[in-house]
Amino acid sequence: QQQVKQSPQSLIVQKGGISIINCAYENTAFDYFPWYQQFPGKGPALLIAIRPDVSEKKEGRFTISFNKSAKQFSLHIMDSQPGDSATYFCAASTSSSYKLIFGSGTRLLVRP
Amino acid sequence: GAVVSQHPSWVICKSGTSVKIECRSLDFQATTMFWYRQFPKQSLMLMATSNEGSKATYEQGVEKDKFLINHASLTLSTLTVTSAHPEDSSFYICSARDVQNHQPQHFGDGTRLSIL
């Protein structure tokens, strides 16, 4: 019930391409879905987050698509840049506990 | 923006010693802080939820006597790894939730703990 499944495990994209990472959840009580970016030796940094009352949210080159009926959400990185090379984690939480349940992570490599 | 500071960033110590890690919210008050552990190339696993002025809540499988958490003020939580052993070597990360906002959690930059 608490699991968040993330795919792919790793992703290689050419500079300028679109990176897409997918997540699926089981617990319908989740009502907050953030994406985090983590560089080696650093803590995760919030990229963008969405709540289930909207199906899409865009901030700059980052877009979250949310499908409540399918219990899936995805991160799209447009015009991917080498500086985007990092590990990306999706997560989910509820308003009652605020505990973040993380996906397994996706290692993104953007080739110049 | 909101900043969470962790100290130390890296610590190496001998097996059997205790290590204290500090997590501070620098520009906001945090009634709730969270402690995570991350092994190499793995995800973050929540260890415990730290509430100011009360006992921490530990996740299943986390030994509360091994990982002592104290949240003495609205800006400081500490994690003490007692009698550390090599298997406790990991990347420990804290996060803090601003009392003014339900989300997001702000993360520290982590503490790399190496037990020899």
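As you go down the protein sequences, you meet chains A and B in turn.
For what it's worth, our numbering labels the leading residue of the first sequence as 11, then goes sequentially.
For what it's worth, our numbering labels the leading residue of the second sequence as 3, then goes sequentially.
No residue lacks a Cβ here, since even glycine has one placed at the ideal position from N, Cα and C.
Keep in mind the model is a prediction, meaning the values are calculated, not measured.
Between Y46(A) and A55(A), the C-beta spacing is below 8 angstroms.
Between K25(A) and G113(A), the gap from beta carbon to beta carbon reaches 8 angstroms or more. Between the C-alpha atoms of H73(B) and D89(A) there is a straight-line separation of about 43 angstroms.
Using a Cβ-Cβ cut-off of 7 angstroms, D111(B) is close to K52 and G53 of chain A, given in chain order. Counting the other CB atoms within 10 Å of its CB gives L118(B) a total below 16, which places it among the exposed residues. Collapsing the DSSP output to three states places E61(B) in coil. Taking C-beta atoms under 8 angstroms as the contact rule, M49(B) and S79(B) fail to qualify, at a distance of about 12 angstroms. If the five residues before and after Q107(B) are omitted, its C-beta is found closer than 8 angstroms to the C-beta atoms of F36, S97, A98 and R99, all from its own chain and listed in chain order. One Cα belongs to Q40(B), the other to D90(B), and the distance between them is close to 11 angstroms. In the three-state reduction of the DSSP assignment, D41(A) falls in the coil class.
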